[in-house]
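*Asks:* Numbering (our numbering), first residue to last: 27 to 121. Don't be surprised by glycine CBs; every beta carbon is placed ideally from N, CA and C. Fair warning: this is a prediction, and the values are worked out from it, not measured in the lab.
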């Protein structure tokens, strides 16, 4: 059985991952209400999130390629780091 890859939800609204559904439903439409530094961070998260999905689709589950797998892990780490930075920035807005 092949792996059911999910979409980031940027253009396609079917088969989206849970994060993409939340991001494009709850945050992206409100982008302009955030300060410019947070907007920039949200754009970076969006870019990395969709890049993660595009790269993950290249993984052949029956014959995984080490380079592609490393790329996915690298993008995943960058996305995680961007999300942590965004969380800290948003928590600072509440103070």
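In its own chain, which residues sit with a C-beta less than 7 Å from the C-beta of residue 57, not counting the 5 before and 5 after it?
*Replies:* The residues are 65 and 68.
*Asks:* In terms of residues, what are the limits of the alpha helix (DSSP H) holding residue 148?
*Replies:* This structure leaves residue 148 out entirely; the chain is present only between 27 and 121.
*Asks:* Just to confirm the assignment, what range does the alpha helix (DSSP H) spanning residue 74 have?
*Replies:* Here the alpha helix (DSSP H) through residue 74 covers 62 to 82.
*Asks:* Taking the alpha helix (DSSP H) that residue 45 falls in, what are its first and last residues?
*Replies:* Element bounds for residue 45: 44 to 48.
*Asks:* Consult DSSP for residue 40 and reduce its assignment to one of helix, strand or coil.
*Replies:* Three-state result, residue 40: coil.
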